[in-house]
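Below: the structure, in structure tokens.
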Amino acid sequence: GICYGMQTMAQQLGGQVQGSAQREFGYAEVRARGHSALLSELADFHTPEGHGMLKVWMSHGDKVTALPPGFKLMASTDACPIAGMADEARHFYGVQFHPEVTHTVQGRALLERFVLGICAARADWVMREHIEEAVQRVRAQVGDEGVILGLSGGVDSSVAAALIQRAIGNQLTCVFVDHGLLRLHEGDQVMEMFAERLHVQVLRVDASALFLRELAGVADPEQKRKIIGRLFVEVFKAEAAKLTASGTSKTSAKWLAQGTIYPDVIESGAARSKKAVSIKSHHNVGGLPEQLGLKLLEPLRDLFKDEVRELGLALGLPHAMVYRHPFPGPGLGVRILGEVRPEYADLLRRADAIFIEELRSTIEPHSGKSWYELTSQAFAVFVPVKGVGVMGDGREY
Numbered sequence: 002g003i004c005y006g007m008q009t010m011a012q013q014l015g016g017q018v019q020g021s022a023q024r025e026f027g028y029a030e031v032r033a034r035g036h037s038a039l040l041s042e043l044a045d046f047h048t049p050e051g052h053g054m055l056k057v058w059m060s061h062g063d064k065v066t067a068l069p070p071g072f073k074l075m076a077s078t079d080a081c082p083i084a085g086m087a088d089e090a091r092h093f094y095g096v097q098f099h100p101e102v103t104h105t106v107q108g109r110a111l112l113e114r115f116v117l118g119i120c121a122a123r124a125d126w127v128m129r130e131h132i133e134e135a136v137q138r139v140r141a142q143v144g145d146e147g148v149i150l151g152l153s154g155g156v157d158s159s160v161a162a163a164l165i166q167r168a169i170g171n172q173l174t175c176v177f178v179d180h181g182l183l184r185l186h187e188g189d190q191v192m193e194m195f196a197e198r199l200h201v202q203v204l205r206v207d208a209s210a211l212f213l214r215e216l217a218g219v220a221d222p223e224q225k226r227k228i229i230g231r232l233f234v235e236v237f238k239a240e241a242a243k244l245t246a247s248g249t250s251k252t253s254a255k256w257l258a259q260g261t262i263y264p265d266v267i268e269s270g271a272a273r274s275k276k277a278v279s280i281k282s283h284h285n286v287g288g289l290p291e292q293l294g295l296k297l298l299e300p301l302r303d304l305f306k307d308e309v310r311e312l313g314l315a316l317g318l319p320h321a322m323v324y325r326h327p328f329p330g331p332g333l334g335v336r337i338l339g340e341v342r343p344e345y346a347d348l349l350r351r352a353d354a355i356f357i358e359e360l361r362s363t364i365e366p367h368s369g370k371s372w373y374e375l376t377s378q379a380f381a382v383f384v385p386v387k388g389v390g391v392m393g394d395g396r397e398y
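Under this note's numbering, the very last position in the sequence shown is 398; numbers go up by exactly one each time.
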């Protein structure tokens, strides 16, 4: 059990959990106690007294105040006397800190020890076998029916398209809606990659005039998101209806494919276990298939993001596409503060491209990686405020 998981375990097994005025958020140093199988020999440094210490990340207010029967103390901090507990006989363990985040230095070693050592799981999952199984599943699901996929150029939809295309070839038709708020040359790059290199059928829809017309004069960011979302669904539905009716794809489309990945499913409370707690609704889960009268195909729904990237590389997608930074569905519409105008979008598009090019070309000497690779997300924002400078003897805005 991790954090709330440890508290839940303690409460259900006869211990006590209470709120605390002394909360811990951020870096903490944990003392390992009792020589447990989970933490034995794991330490980032030792105190002068010889106690092994772990550098970890905490995020909690409530805390376990009494151990359940059969448990022993496994770790503690000054603010949290019970920061870890263990029932070695049943192999039950709880930690109040977060081993899954990079800030916990020994986190990976701790998780590997639990999964591979204590649980005796085997690390025999390989991507090559997963691709073969996924291809067979898609073929079995779809048969000889047509599939439509909304292609955005993002990692998830791109990998889904490559996987489905490998499984069923030209039974797949991708619809790429260009809303006029994409990055520089992004539409052409998507077409070059999928239509020309991977030989995927891609229908490009230039709806930029429609989107920009509807967004004219709208400054509220949430209203902009809603307009863009509504228009995208309307345009996609119109194109999908043509494909389902006319048989433009190999057979008239019966399936809607989406790039849903496992975190999307968890956040939507629709996990296969039926026990995931709903956090928020997600655009990739539910709604659109029913409106279109199509069956839903989600070949990535059991994969996490790092596995999706690994799959993309194995399917032949270029590294630059698979590891590109996230880009919001509303595109530049939410990176332009205030009203969206065509000239603002053009300016931001070019500024962002220059910024990203500099990140890609600047290498951090210690790692040998570019700053683009070392950052999870980076982008330019258009601020509708004029700056002032001096040209000759006068001001220039």
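C-beta atoms are modelled at their ideal positions from N, C-alpha and C, and glycine is treated no differently.
- Around the Cβ of Y398, a 10 Å sphere holds fewer than 16 other Cβ atoms; the residue is exposed.
- For Y373, the closest C-alpha among the options A321, P331, R351, L333 is that of A321.
- Looking from the CA of L232, the closest CA among G35, D45, P331, T78 belongs to P331.
- By a beta-carbon distance limit of 8 angstroms, G16 contacts A67. Their separation comes to about 5 angstroms.
- As the crow flies, the alpha-carbon of T363 is around 16 angstroms from that of R325.
- Under the three-pair Cβ rule at 8 angstroms, the region 73-87 counts as touching the region 34-48.
- Here R205 is near D179, since their CB atoms are less than 8 angstroms apart.
- For L199, the closest of V335, Q13, C175 by C-alpha to C-alpha distance is C175.
- Distance from the CA of E299 to the CA of E50, rounded to the nearest whole angstrom, comes to 55 angstroms.
- Around the beta carbon of M392, a 10 Å sphere encloses fewer than 16 other beta carbons of the protein chains shown; the residue is thus reported as exposed.
- As summarised for the region 115-169, the continuous beta strand (DSSP E) elements at least 3 residues long and confined to that stretch are 147-151, given in chain order.
- Out of H36, C81, F26, N171, the CA that lies nearest to the CA of V18 is found in C81.
- Taken through DSSP and simplified to helix, strand or coil, F328 comes out as coil.
- Nearest in C-alpha terms to R24, of all of A33, W58, G35, is W58.
- With a cutoff of 8 angstroms on beta-carbon distance, L257 and L295 are scored as near each other.
- Runs of alpha helix (DSSP H) with 4 or more residues, each lying fully within the region 303-354, are found at 306-315, 320-323, listed in chain order.
- When the alpha-carbon of S253 is set against those of F380, V266, V143, E89, the nearest one is in V143.
- Taking C-beta separations shorter than 7 angstroms and ignoring five residues to either side along the sequence, the partners of R34 in its chain run L74, M75, A76, S77, following chain order.
- For E268, the enclosing alpha helix (DSSP H) stretches over residues 263-268.
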